[in-house]
Ligand SMILES: [Zn+2]
């Protein structure tokens, strides 16, 4: 999934969490915004400095293309899961809210890439079940017509009433 779709999807997931948690007003807006921002973080593996690091470190020796590959270790489901079940219960007050929003943003990224992400470079489609191997996903084209002309517009259009209902407590 492209960043331009990850961000509205992360916002939608954050707003969904806020709604389920009966959050309103500023709290709900912050959760939606933080989830949207955090939704692109797993793609740190696609940035220039990470790619350089991957070229210099012989992590391929660890097998299956190595943990530093694109959609490798940074896209492993256990990272947000560990955050949710181990770190989140320790956090209180606003730190709890912010951490939950970050983890939801990261999880939304993994869901998005599991749907929109083809295989290649010796890697299967989607995201890894094991730390950086055994990828699973629906293998839809990242940035393809379905994402660009269906999912992204639906998200962008749907966010307006969703934000209205969740943040301002309105009813449709
Ligand atoms: Zn990704």
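In our numbering, the protein residues as written are 905 to 1076.
Glycine is no exception: its CB is placed at the ideal position from the N, C-alpha and C atoms.
In this structure, the CA atom of residue 1033 is about 30 angstroms from the CA atom of residue 1063.
The beta carbons of residue 1001 and residue 991 sit no closer together than 8 angstroms.
The beta carbon of residue 947 sits closer than 7 angstroms to at least one heavy atom of ligand 1. Contact check between the region 907-919 and the region 934-947: three or more CB pairs, one atom from each, fall below 8 angstroms, which counts as touching. Residue 1061 sits exposed, since fewer than 16 C-beta atoms from the chains shown fall within 10 Å of its C-beta. Relative to ligand 1, even the nearest heavy atom lies 7 angstroms or more away from the CB of residue 1039. For residue 991, no alpha helix (DSSP H) run applies, since DSSP gives it neither H nor E. Contact between the region 954-965 and the region 913-926 is absent: fewer than 3 CB-CB pairs across the two stretches fall below 8 angstroms.
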